[in-house]
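Protein chains in written order, with UniProt numbering: chain A, 1 to 172; chain B, 1 to 172.
2 protein chains.
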Amino acid sequence: MVRRDEIRPGEVAVEPPAATDAGLVFIGRIRTPWTDRMDCPRQGRRDGPVCRIELFAPWDGGLDGLERYASIEVLYWLDRSRRDLLRQSPKSDGTSRGTFSLRSPVRPNPIGTSLVTLVGIAGGVVSVRGLDCLDGTPLIDLKPDRCGFTPLAPRQPGDDDVDTGRAGVPPA
Amino acid sequence: MVRRDEIRPGEVAVEPPAATDAGLVFIGRIRTPWTDRMDCPRQGRRDGPVCRIELFAPWDGGLDGLERYASIEVLYWLDRSRRDLLRQSPKSDGTSRGTFSLRSPVRPNPIGTSLVTLVGIAGGVVSVRGLDCLDGTPLIDLKPDRCGFTPLAPRQPGDDDVDTGRAGVPPA
């Protein structure tokens, strides 16, 4: 989040295809203490300030049960990010690396993911610690942290698929 | 992934708003051994079969540096999932819980996230273990696992924001 919109020495931009393969609906808004990209933490911390995740109707009706989990995964839309960089230079020093080797907000689909600590849920608002995004960031999903979640659905055949030395991948 | 498209007793559907707040571009395709939703694992396992993540051009040019990470976060689009359920019944037993308390593929923005083990990268293809999605699933992002990633960018003021007892959240 240290970038305005410049392209730095060593970075590579492409003319990206239109982003029309699927559509998102914003299901809420995230309230944090950070109102300028230059002030955001580079990564959230579990002892950071409490932030509020405000769900829009009707999605506030889907929170029941989330209070069982101490740790929650949050997906949000980094709506100020450019989407066209293939290589980036986080240090602005002329060296660059591929976008997919970074957790930079600049990526073809600017989705941020954070693991946060649940503080409380009340009235369609989920309070958490561990976020690093700008105040007003659109929310796209909440899920229990996979580490604390045991599937409730009945077992499936694929649950037992482990690597057995056979080719596990269908031919291209 | 155990659902065809039925609504089960105890579940609650809504008329969802149009999903037009933001657009995604599919940046690749995931090849797995599972060709039917009824066969997929409920969650990926790190000793599972090797799967191939095939990047489309020009995005295959953004992989440089990803080989440094043993563990990678994968985001994909669960393109067969309904998006309108607020409450779901994973056990089909008449009881239900809010969508956001489940890791079900059925959610307003059907994005799956997995942490996978890197096996290798060659020619725009990333081979990994730990996925649980259908063969052909569209790819939307790859990132280093946050646990193994140290930000390269210069420090930001927010990096030091910890909870100090002050109100950490701006007024609504």
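Even glycine gets a Cβ: it sits at the ideal position worked out from N, Cα and C. Nothing here was measured: the structure is a model prediction, and the numbers come from that model.
A:E11 counts as buried, since at least 16 other C-beta atoms from the protein chains shown sit within 10 angstroms of its C-beta.
Taken through DSSP and simplified to helix, strand or coil, B:T99 comes out as helix. Residues of chain A whose Cβ lies closer than 7 Å to the Cβ of B:T99 are, in chain order, G62. For A:R46, the secondary structure class from DSSP, reduced to helix, strand or coil, is coil.
Here the C-alpha atom of B:R146 lies approximately 31 Å from the C-alpha atom of A:G123.
Taken in chain order, the unbroken stretches of beta strand (DSSP E) that lie wholly in the stretch 120–172 of chain A and span 3 residues or more are 125–129, 137–144. Against B:V162, the close residues of chain A are R45, D47, G48, P49, in the order they occur along the chain (beta-carbon pairs closer than 9 Å). Around the CB of B:A22, 16 or more other CB atoms lie within 10 Å, so the residue is classed as buried.
In the DSSP assignment, B:V74 falls within the unbroken beta strand (DSSP E) covering 71–77. For B:R52, the pairing in a beta bridge is given by DSSP as B:R31, B:S127.
For B:E73, the C-beta contacts it makes with chain A under 9 Å involve R103, T113, in order along the chain. Counting C-beta pairs with one atom in each stretch, the stretch 100–118 of chain A and the stretch 44–64 of chain B have three or more that are closer than 8 Å, which means they touch. Bounds of the beta strand (DSSP E) holding B:L85 are 85–88. Not a single C-beta of chain B is nearer than 7 Å to the C-beta of A:P9.
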